[in-house]
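The structure appears below as structure tokens.
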Amino acid sequence: MGGIKKSDYYDALEGLEHELVGMARWARARGERIVVIFEGRDTAGKGGAIKAIAGCLDPRQCRVAALPKPSEDEQGQWYFQRYVSHLPTSGEIVLFDRSWYNRAGVERVMGWAGEDEVARFLRDTPVFEKMLVDDGIRLFKYWLSCDQEHQEERFKERLDDPLKRWKLSPTDVAARWKYRDYTAAREAIFAETHMGWSPWTVVDFNDQKRGRLTLIRNLLDRLPDTHVPPEAIDWPELGHEPYGEEFERLEPIEPFPMKD
């Protein structure tokens, strides 16, 4: 399937953005709690997919949870504890840029978690997620997939682009030789945590633009009718000609110079 044209992508995205805004309005009106987990290959496009969703929503309602390496205190806690504090309250949407699945993904592949810890995680996770769902949280788990050819192209792009180089880390370097190890880890995750109450959905992100559209469409389609008419806002006439800015003590700085 060929790459999607940029103009076609933005046309399709605009329609989805309107639906996302409507969904957020519905979530606030109904007191819904929505969690969307984004997992997948390094460079697959988790950040871009999250930005496509969060970019059109009220940041006071839609939060992104991208947790750093656990602190010393967190390492001594129940594994899920630091994630629980980021779960949504009534009317909120939380997008997890990676999640508790780090334990059975990168931590397992890189040898940062022992096999006993991984086994315990895979045993406990369906129970933990069922508790969330039973309490009323709408939980969506997406795995973003890309082949190694596309992954190598994106690593190279990050290496060559000063604006993207910050995305590279020693873990990314190591990941290049562990592609199949990550495949095995993913399949183990699916085998133990793909449950009726919290299924996984795999989205092909070899074409990132098409992948974003596919993921958002799927997310919206899995929710009930989210149509809630926007609240009417009383907007009276101003009653006079608009005022210009007036400064007494300070003036705006010189504008950014643009070429004619």
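Residue numbers (UniProt numbering): 1 to 260. Cβ coordinates follow ideal geometry from the N, Cα and C atoms, glycine included.
Of the listed residues the options, nearest to residue i (C-alpha basis)
i: R82; options: I93, N102, G91, R123; result: N102
i: Y142; options: G47, S85, R158; result: G47
i: R25; options: A184, E187, T171, V228; result: V228
i: W100; options: R41, L122, G114; result: L122
i: G105; options: F190, D135, C146; result: F190
i: R176; options: P242, E149, I253; result: E149
i: T183; options: D147, E17, T89, E157; result: D147
i: E153; options: K6, G45, V36; result: G45
i: H86; options: L67, Q75, G76; result: L67
i: P59; options: R28, A119, D124; result: R28
i: T226; options: E14, H18, Y9; result: H18
i: E187; options: G111, A174, V202; result: V202
i: R222; options: W200, Y179, G239; result: W200
Assigned secondary structure, residue i (DSSP; H/G/I helix, E/B strand, else coil)
i: S71; result: coil
i: residue 263; result: In the structure as shown, the chain starts at 1 and stops at 260, and residue 263 therefore has no counterpart that could be examined.
i: I216; result: helix
i: E32; result: coil
i: T183; result: helix
i: residue 262; result: Lying outside 1 to 260, the shown extent of the chain, residue 262 is not represented and no answer is given.
i: G196; result: coil
i: I253; result: coil
i: T201; result: strand
i: E39; result: strand
i: F190; result: helix
i: S7; result: helix
i: D97; result: strand
Short Cβ contact (7 angstroms threshold) for residue i with residue j
i: A54; j: L213; result: no
i: M23; j: P126; result: no
i: R158; j: I34; result: no
i: D204; j: S145; result: yes
i: D181; j: G3; result: no
i: F140; j: V36; result: yes
i: A185; j: V133; result: no
i: K259; j: W197; result: no
i: F80; j: F128; result: yes
i: S90; j: G136; result: no
i: I249; j: Q151; result: Here residue 249 is Arg; the residue named in the question, Ile, does not match the sequence. Result no, Cβ atoms of R249 and Q151 do not sit closer than 7 angstroms.
i: I216; j: L57; result: no
Residue i: CB within 6 angstroms of a non-hydrogen atom of the ligand ADP
i: Q151; result: Although the ligand ADP was asked about, the structure shown includes no ligands whatsoever.
Contact with chain D by residue i, beta-carbon distance below 7 angstroms
i: I216; result: The structure shown contains no chain D; it holds only a single protein chain.
Legend entry - Cβ contact (3+ pairs, closer than 8 angstroms) linking the region 62-76 and the region 167-175: no
Inset, instruction - For the region 114-143, list the alpha helix (DSSP H) runs that are entirely contained and at least 4 residues long, ordered along the chain. - result: 115-134
Legend entry - Inter-stretch contact (C-beta, 8 angstroms, three-pair minimum) for the region 76-96 and the region 155-163: no
Inset, instruction - Spell out a yes or no on whether the region 204-211 and the region 36-51 are touching, meaning 3 or more CB-CB pairs, one atom from each, closer than 8 angstroms. - result: yes
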